[in-house]
Amino acid sequence: MSTDGYRHRGRAPGWTTTLTLTGNVLTVQRSSAEPEFRARLMHTARILAALDHPGAERFLALEDRSDRTTLVTGFAGGRSLAADGPRRARDVAVLATTLVHTLDELHTIGVTHGPIERADVRFAVGHVPVLCGFDHGRLHSAGDRESWQVDRVADVRSVGFLLAGLADEVTPGHAVDRVDRHRLARLSHRIIDGELTETSALLAALARITPRR
Numbered sequence: 000m001s002t003d004g005y006r007h008r009g010r011a012p013g014w015t016t017t018l019t020l021t022g023n024v025l026t027v028q029r030s031s032a033e034p035e036f037r038a039r040l041m042h043t044a045r046i047l048a049a050l051d052h053p054g055a056e057r058f059l060a061l062e063d064r065s066d067r068t069t070l071v072t073g074f075a076g077g078r079s080l081a082a083d084g085p086r087r088a089r090d091v092a093v094l095a096t097t098l099v100h101t102l103d104e105l106h107t108i109g110v111t112h113g114p115i116e117r118a119d120v121r122f123a124v125g126h127v128p129v130l131c132g133f134d135h136g137r138l139h140s141a142g143d144r145e146s147w148q149v150d151r152v153a154d155v156r157s158v159g160f161l162l163a164g165l166a167d168e169v170t171p172g173h174a175v176d177r178v179d180r181h182r183l184a185r186l187s188h189r190i191i192d193g194e195l196t197e198t199s200a201l202l203a204a205l206a207r208i209t210p211r212r
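Quick note on this note's numbering: the sequence shown kicks off at 0 and runs consecutively.
Here it is as structure tokens:
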């Protein structure tokens, strides 16, 4: 892979991450020589290669040599939800709705993400959330109905945990935020308790907390 222009390299457990600007295209290269992490990178590549969605990390290339595996993806954003969470109830509702729409469309093509952590959500231009971290994702075949249902429910439940934490951090500056914060917290518990298990039901519930201004 030839690169030029800006490069920045960092290290995470198991692999190095290089941010490269070539022309006006910013890419992320994750590379490892360790068997466990090479397998994770190859698995992630298989999942991402099946996707073509603006709300998910974009697969560009996989280079698997005898001594090292490198996964190249589009740059999904410089900040993650772990560092840049919304503080308004209306913004939490918008974020959750966007993420669930993405999950709903991924589920339609037979892809599940696995538990969604805050670090898996990065923000592209315009603060649009992009779902990353597909190393625990799965591609489901038509005959895989039992695990398919289990994994879809697990995706939705992880949104419940995410929503619970975000609702707890809402700054209730005025009456509308206080009401919506309470509604978001109640919704998160309904998801975690297994009352809502499908993305369609969750989208309908979120629509009732749609920003009103």
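Idealized CB from N, CA, C, for every residue including glycine.
Just reading off the beta strand (DSSP E) that Leu218 is part of, what are its end residues?
Because residue 218 is not part of the residues shown, which for the chain are 0 to 212, the question remains open.
Alpha carbon to alpha carbon, what distance is there between Glu116 and His135?
For the purposes of this step, residue 135 is taken as residue 136 along the sequence shown, with counting starting at 1. For the purposes of this step, residue 116 is taken as residue 117 along the sequence shown, with counting starting at 1. Roughly 11 Å separates the two Cα atoms.
I'd like the ranges of any alpha helix (DSSP H) spanning at least 4 consecutive residues and lying wholly in the stretch 73–124.
88–107
Report all residues from its chain with a CB closer than 8 Å to the CB of Ser140; omit the five preceding and five following residues, and keep chain order.
Within the sequence shown, the letter at position 141 stands for residue 140. Gly109.
Cβ neighbours of Ala153 in the same chain (closer than 8 Å, five flanking residues each side left out)
Numbered from 1 along the sequence shown, position 154 holds the residue referred to as residue 153. Thr111, Gly113, Pro114, listed in sequence order.
Short of 6 Å in beta carbon distance, which residues of its chain neighbour Ala118, apart from the five on each side in sequence? Order them along the chain.
Within the sequence shown, the letter at position 119 stands for residue 118. Counting only Cβ-Cβ distances below 6 Å, and skipping sequence neighbours, we find Ser79, Ala81.
Option in Leu105, Gly77, Ser187 with minimal Cα separation from Val127:
Stepping through the sequence shown from its first residue, residue 127 is reached at position 128. Closest by alpha carbon: Gly77.
Those residues which DSSP pairs with Ala184 across a bridge:
Reading the sequence shown from its first residue, position 185 is the one you call residue 184. Partner(s): none; Ala184 has no beta bridge.
Output yes or no for whether 9 Å exceeds the beta carbon distance between Phe133 and Thr43.
For the purposes of this step, residue 133 is identified with residue 134 of the sequence shown, where counting begins at 1. For the purposes of this step, residue 43 is identified with residue 44 of the sequence shown, where counting begins at 1. Yes, the Cβ-Cβ distance between Phe133 and Thr43 is below 9 Å.
Count the CB pairs spanning the stretch 48–65 and the stretch 80–96 that are closer than 8 Å, and state whether there are at least three.
no
When you compare only the Cα positions, how much space is there between Met0 and Thr19?
Position 1 of the sequence shown, counting from 1, holds the residue named residue 0. Position 20 of the sequence shown, counting from 1, holds the residue named residue 19. For Met0, the predicted structure reports a pLDDT of 42, less than 50, and the residue's modelled location is therefore unreliable. A value from the coordinates is still provided. When rounded, the distance between both Cα atoms is 11 Å.
Where does Arg151 land, buried or exposed, given buried means 16+ other C-beta within 10 angstroms?
Stepping through the sequence shown from its first residue, residue 151 is reached at position 152. Arg151 should be labelled buried.
Start-to-end residues for the beta strand (DSSP E) that takes in Phe133:
Against the sequence shown, residue 133 aligns to sequence position 134. Careful: Phe133 lies outside any beta strand (DSSP E) and carries neither H nor E.
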